[in-house]
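Start counting the sequence shown at 0; every next residue gets the next number (numbering that gives the first Met the number 0).
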Amino acid sequence: METQLDPMKDDLPLMANTSYMLVKHYVLDLDVDFKSKVIEGSIVLFFETGSQYRKTSSAGKECCQSQFDEICKMRASEPCHIPMINVSTCSSKTECNDFAVSGKEEEATSDENSNHSNNEQASGISSSKDCCDIEDHGNKDFLLVLDCCDLSVLKVEEVDVAAVSGIEKFTRSAKLTGVSKELENLRNRIVHELVTLPADRWKEQLHYFNHCSQAPGCGELLFSTGTWSLEIRKSGVQTPVDFPHAIRIWYKTKPEGRSVAWTTDQSGRPCVYTMGSPINNRALFPCQEPPIALSTWQASVRTAAGFVVLMSGENSAEPVQHQEGILSWYYYVSMPMPASTFTIAVGCWQEVKQQSFKQKAAIGTNTEFSLPPSQTDLRWHEEICGHMEYPCRFQNPAARLQAVIPYRVFAPWCLMESCEEYLLQLVPQCLSAAYATLGTHPFSRLDVLIVPSNFSSLGMASPHIIFLSQSVLPGGSHLCGTRLCHEIAHAWFGLAIGARDWTEEWISEGFATFLEDIFWARAQQLSHDEIKGQQELKALLRWRRLRDEVQNSEEELQVLRPKKESTGELSESGASVVKYGLKAEKIFMQVHYLKGYFLLRSLARKIGEVSYLASLRKFVVKFHGQLVLSQDFLSMLLEDIPKQKQSGLTVESIFQNWLDTSGIPK
0 METQLDPMKD
10 DLPLMANTSY
20 MLVKHYVLDL
30 DVDFKSKVIE
40 GSIVLFFETG
50 SQYRKTSSAG
60 KECCQSQFDE
70 ICKMRASEPC
80 HIPMINVSTC
90 SSKTECNDFA
100 VSGKEEEATS
110 DENSNHSNNE
120 QASGISSSKD
130 CCDIEDHGNK
140 DFLLVLDCCD
150 LSVLKVEEVD
160 VAAVSGIEKF
170 TRSAKLTGVS
180 KELENLRNRI
190 VHELVTLPAD
200 RWKEQLHYFN
210 HCSQAPGCGE
220 LLFSTGTWSL
230 EIRKSGVQTP
240 VDFPHAIRIW
250 YKTKPEGRSV
260 AWTTDQSGRP
270 CVYTMGSPIN
280 NRALFPCQEP
290 PIALSTWQAS
300 VRTAAGFVVL
310 MSGENSAEPV
320 QHQEGILSWY
330 YYVSMPMPAS
340 TFTIAVGCWQ
350 EVKQQSFKQK
360 AAIGTNTEFS
370 LPPSQTDLRW
380 HEEICGHMEY
390 PCRFQNPAAR
400 LQAVIPYRVF
410 APWCLMESCE
420 EYLLQLVPQC
430 LSAAYATLGT
440 HPFSRLDVLI
450 VPSNFSSLGM
460 ASPHIIFLSQ
470 SVLPGGSHLC
480 GTRLCHEIAH
490 AWFGLAIGAR
500 DWTEEWISEG
510 FATFLEDIFW
520 ARAQQLSHDE
530 IKGQQELKAL
540 LRWRRLRDEV
550 QNSEEELQVL
560 RPKKESTGEL
570 SESGASVVKY
580 GLKAEKIFMQ
590 VHYLKGYFLL
600 RSLARKIGEV
610 SYLASLRKFV
620 VKFHGQLVLS
630 QDFLSMLLED
640 IPKQKQSGLT
650 VESIFQNWLD
660 TSGIPK
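Dropping the structure here:
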């Protein structure tokens, strides 16, 4: 990794020090204001001590110095002098670019209003070199680093989770009072018990996460914002074990922030949505971006009546009146996912519905696909899942038999007729075809939204929600259906199974491109010859596109595993970079889609499609809910087909011919 991370360079920095503290749950409480084009509110983060510090607190002290040194190297080199300021007045115009605290650190504060106002002045620290020093002792404070960009951070504080009614059930200690150190340890023990509750208590867990997020602050924390990060410390706390495990951050987005787009829909009404930015969600909320930071979340979003809030959430939210003219929408997820998959869209969306007789006719065409998977698939499902504990649909007998999950379609008013004509009837067909191919749907429901015309892609998949471009509608059922199948495939490859290293995009896009053909052929109920003809034609068109792209692009951007043998490696703190993640040309390239597709097509032709699809289903059952590298899939595939190893097909040869080199294999 480079000693300094230049935001103008091609690599996207992932700054969060996940090896020291790992976020397990976010609670967002936000207001969306279309007049100012700002999203403002708070986020509460609940942490577990990271892998570097789980053994002993004393071992952590030895690592703290190296972590401090690494962060200071990675920080921008500009000095961070600022005058004395009042943090409560910080806005998008006044950045808190230095360590600042808007009040004295108190051992316990029960005044909830102090979350919003404090008139004491902030203190600044003169340089990044001294940013972790304790003024009196010269020792190094632990520094929590979050990924953050284009945000105005107003205040950071510890949350007094011990003040929540009924929370004593999560600690054996009967006393909630005492000296400061004991109370701090008690708070962290409560958070630990809460984040490690068993999966069958997920509803209770969400309930207490919500109540803890509303608890009063109990001491403000020092913080500093840089180009790519938010750095937080507490004076005198030198290890992650002792650092507050529940913190609240008050902040607001900027109109020019790159995580969301403020625009108008096709009917001319204002809207805002996450459009798949290269910097992901760090300009929407402070978070841990590295894929390893799998977390759950819940969010309350308030906006003016007349707007609809759609979000990546397991529930189909119904609005509740917050105050006159303002509605509140609440969503949650119980399956841990990377923060980059969080998605929101707020606009005057209209739900597209059909008459009942049309719905019955559409459902009637799908009976062929509404069958449970083979007995072999069900036997795999009975195995213990390999992921961290959560309420998994693969362990739910009813979910395993659900060929079509509940779905809704939303669009601007002027596009509702087009959506009703094609898209609405295609959703159950494509969902059923996907189920017939891969088995259990990883997510419990699906919203499909036609996003504004400034959307730069044809589609984007997130947990429980798919964005589609208006461009797929004029193409009739074929273009609309193939793109819908592609995005549905991401539920398995890209979401339920994610890349441990984001540079391996082909694991998501190559699989989705390959599977869209399989899904769409089944959705159309084509004959064998029709399927072969359609897929050969699409392969030819993709071949020409890939050939042209290879001839007219930089060789380094044609490599599917650009970090080669270093793929998946992290620094000691957990920070890393996404190679070429900010390179402008890469956004418009499809080499990860097409070259990945041809690799999978080549393997399917060598192995046979029936055996190959059986291996895909087995891979899904084994690795859902987990992060993988290329070798995880390739090794399992070749183990299932041992004769292929004898013919020279090995993981190493696939790396050499397909993943680690530019161009197209002979």
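Where a beta carbon is used, it is the ideal one built from N, C-alpha and C, also for glycine. Nothing here was measured: the structure is a model prediction, and the numbers come from that model.
With the cut-off set at 9 Å, would you say ILE142 and THR224 are in Cβ contact?
Start at 1 with the first residue of the sequence shown, and residue 142 comes out as number 143. Start at 1 with the first residue of the sequence shown, and residue 224 comes out as number 225. Note that residue 142 is Leu in the sequence shown here, rather than Ile. Against a cut-off of 9 Å, the Cβ pair of THR224 and LEU142 comes out as no contact.
Residue burial classification, ARG546 (beta-carbon count within 10 angstroms, cutoff 16):
The sequence position of residue 546 within the sequence shown is 547, counting from 1. Exposed, because fewer than 16 other Cβ atoms sit within 10 Å of the Cβ of ARG546.
Would DSSP call TYR19 helix, strand or coil?
For the purposes of this step, residue 19 is identified with residue 20 of the sequence shown, where counting begins at 1. TYR19: coil per DSSP, three-state reduction.
Name the one or two DSSP bridge partners that GLY666 has.
Within the shown structure, residues of the chain are numbered from 0 to 665, placing residue 666 beyond reach of any answer.
Between the Cα of ILE653 and the Cα atoms of LEU598, LEU615 and GLY580, which residue gives the shortest distance?
Indexing the sequence shown from 1 puts residue 653 at position 654. Selected option, being the one with the closest Cα: LEU598.
At the level of alpha carbons, what is the spacing between SER109 and LYS168?
Taking the sequence shown and counting its residues from 1, the one referred to as residue 109 is at position 110. Taking the sequence shown and counting its residues from 1, the one referred to as residue 168 is at position 169. Bear in mind that the predicted position of SER109 carries a pLDDT of just 36, short of 50, making it unreliable; the figure below should be weighed with that in mind. Looking at the two C-alpha atoms, the distance is approximately 21 Å.
Nearest to SER661 by alpha carbon, out of ILE586, SER258 and VAL558?
Position 662 of the sequence shown, counted from the first residue, corresponds to residue 661. Closest by alpha carbon: VAL558.
Which whole runs of the beta strand (DSSP E) in the region 242-328 are 3 residues long or more, in chain order?
Runs of the beta strand (DSSP E) lying entirely within the region 242-328 and spanning at least 3 residues, in chain order: 245-252, 259-263, 269-273, 294-303, 307-310 and 319-322.
Can you tell me the Cβ-Cβ gap for THR273 and SER258, rounded? I've got them flagged as a contact below 8 Å.
The residue given as residue 273 occupies position 274 in the sequence shown. The residue given as residue 258 occupies position 259 in the sequence shown. Taking a contact as a CB-CB distance under 8 Å, the pair THR273 and SER258 counts as one, their CB atoms being some 6 Å apart.
Contact belief for GLN469 with LEU423 at Cβ below 8 Å, rounded distance in angstroms:
On the sequence shown, residue 469 is found 470 positions in, with the first residue counted as 1. On the sequence shown, residue 423 is found 424 positions in, with the first residue counted as 1. At roughly 15 Å, the Cβ-Cβ gap does not stay under 8 Å, so GLN469 and LEU423 are not in contact.
So GLU219 is in the beta strand (DSSP E); what residue range does that whole segment cover?
Counting from 1 along the sequence shown, the entry for residue 219 is found at position 220. In the DSSP annotation of this structure, the continuous segment of the beta strand (DSSP E) that includes GLU219 starts and ends at 216-219.
For the beta strand (DSSP E) containing PRO12, list its first residue and its last residue.
Working through the sequence shown from its first residue, we reach residue 12 at position 13. Under the DSSP assignment, PRO12 falls in the beta strand (DSSP E) whose first and last residues are 11-13.
Consult DSSP for TYR592 and reduce its assignment to one of helix, strand or coil.
What you label residue 592 is simply residue 593 of the sequence shown in a count that begins at 1. Helix.
Can you give me the start and stop residues for the alpha helix (DSSP H) that ASP547 sits inside?
Locating residue 547 in the sequence shown gives position 548, where the first residue counts as 1. Unbroken alpha helix (DSSP H) run through ASP547: 527-550.
Option nearest LEU514 by Cα separation, candidates SER443, LYS585, LEU593 and THR302:
Within the sequence shown, the letter at position 515 stands for residue 514. When each option's Cα is compared against that of LEU514, the closest is LEU593.
Bridge-paired residues (DSSP) for ILE640
Within the sequence shown, residue 640 is the residue found at index 641, counting from 1. Paired residue(s): none; ILE640 is not in a bridge.
Three-state secondary structure (DSSP) at LEU27?
Start at 1 with the first residue of the sequence shown, and residue 27 comes out as number 28. Secondary structure at LEU27: strand, using DSSP grouped into helix, strand and coil.
Taking the continuous beta strand (DSSP E) assigned at LEU150, which residues delimit it?
Start at 1 with the first residue of the sequence shown, and residue 150 comes out as number 151. Per DSSP, LEU150 belongs to the beta strand (DSSP E) from 150-158.
To the nearest angstrom, how far is it from the Cα of ASN16 to the Cα of ALA433?
Counted from its first residue, the sequence shown places residue 16 at position 17. Counted from its first residue, the sequence shown places residue 433 at position 434. So the alpha carbons of these two residues sit roughly 37 Å apart.
Which whole-angstrom value describes the C-beta separation of ILE726 and LEU11, a residue pair presumed to lie in contact below a C-beta threshold of 8 Å?
As shown, the chain starts at 0 and ends at 665. That puts residue 726 outside it, with no answer to give.
With a Cβ-Cβ cutoff of 9 Å, do ILE404 and LEU448 count as a contact?
Taking the first residue of the sequence shown as position 1, residue 404 is located at position 405. Taking the first residue of the sequence shown as position 1, residue 448 is located at position 449. Not closer than 9 Å, so no.
What does the Cβ neighbour count give for LYS23, buried or exposed, with the cut at 16 atoms within 10 Å?
Locating residue 23 in the sequence shown gives position 24, counting from the first residue. Burial call: buried.
Tell me the DSSP secondary structure of ASP446 in three-state form.
The sequence position of residue 446 within the sequence shown is 447, counting from 1. It is a strand residue.
Own chain residues within Cβ distance below 6 Å of ASN187, not counting five before or after
To locate residue 187, count along the sequence shown from 1; it is residue 188. The residues HIS244, in chain order, have a CB closer than 6 Å to that of ASN187 in the same chain once the five nearest residues on each side in sequence are set aside.
Looking only at DSSP bridge pairs, what is SER41 linked to?
What you label residue 41 is simply residue 42 of the sequence shown in a count that begins at 1. Bridge partners of SER41: ASP28 and TRP249.
Close beta carbons around GLY567, own chain, < 6 Å, minus the five adjacent residues each side:
On the sequence shown, position 568 is the one that residue 567 refers to. Result list for GLY567: ARG499, ASP500 and LEU628, in chain order.
SER461 vs THR340 beta-carbon contact at 9 Å
Within the sequence shown, numbered from 1, the residue matching residue 461 stands at position 462. Within the sequence shown, numbered from 1, the residue matching residue 340 stands at position 341. Contact: yes.
For ILE38, count neighbouring Cβ atoms within 10 angstroms of its own Cβ and tell me buried if that reaches 16, exposed if not.
Reading the sequence shown from its first residue, position 39 is the one you call residue 38. Its Cβ being crowded by 16 or more others within 10 Å, ILE38 is buried.
Just to confirm my understanding: we take GLY647, look at its own chain, exclude 5 residues before and 5 after, and list those with CB closer than 8 Å. What are they?
On the sequence shown, residue 647 is found 648 positions in, with the first residue counted as 1. Excluding five sequence positions before and after GLY647, none of the CB atoms of its chain fall closer than 8 Å to its own CB.
Can you grab the Cα-Cα spacing for the pair PHE466 / LYS154, in whole Å?
Residue numbering aside, residue 466 sits at position 467 when the sequence shown is read from its first letter. Residue numbering aside, residue 154 sits at position 155 when the sequence shown is read from its first letter. Taking the straight line from one Cα to the other gives about 33 Å.
ILE586, buried or exposed, once every other Cβ within 10 Å from all chains shown has been counted against 16:
Sequence index remark: in the sequence shown, residue 586 carries index 587 (1-based). The residue is exposed, with fewer than 16 neighbouring Cβ atoms inside 10 Å.
So the candidates are ASN453, GLN428, VAL300 and THR48; which of them puts its Cα closest to the Cα of THR481?
If you number the sequence shown from 1, residue 481 lands on position 482. Checked all of ASN453, GLN428, VAL300 and THR48; the closest Cα to THR481 is GLN428.
Would a check of beta-carbon distances place VAL549 closer than 9 Å to chain E?
No chain E appears in the structure shown, which is made up of a single protein chain.
State yes or no: is the C-beta of SER443 within less than 9 Å of the C-beta of ARG392?
By one-based count along the sequence shown, residue 443 stands at place 444. By one-based count along the sequence shown, residue 392 stands at place 393. Yes, the Cβ-Cβ distance between SER443 and ARG392 is below 9 Å.
Looking only at its own chain, which residues have a Cβ that is under 7 Å from the Cβ of GLU548, when we skip the five neighbours before and after it?
Position 549 of the sequence shown, counting from 1, holds the residue named residue 548. For GLU548, where only same-chain residues beyond five positions count, the Cβ hits under 7 Å are MET588, GLN589 and VAL590.
One question on the structure: do GLY509 and GLY624 come within less than 9 Å of each other, judged by their Cβ atoms?
Here residue 509 is taken as the residue at index 510 of the sequence shown, counted from 1. Here residue 624 is taken as the residue at index 625 of the sequence shown, counted from 1. Contact: no.
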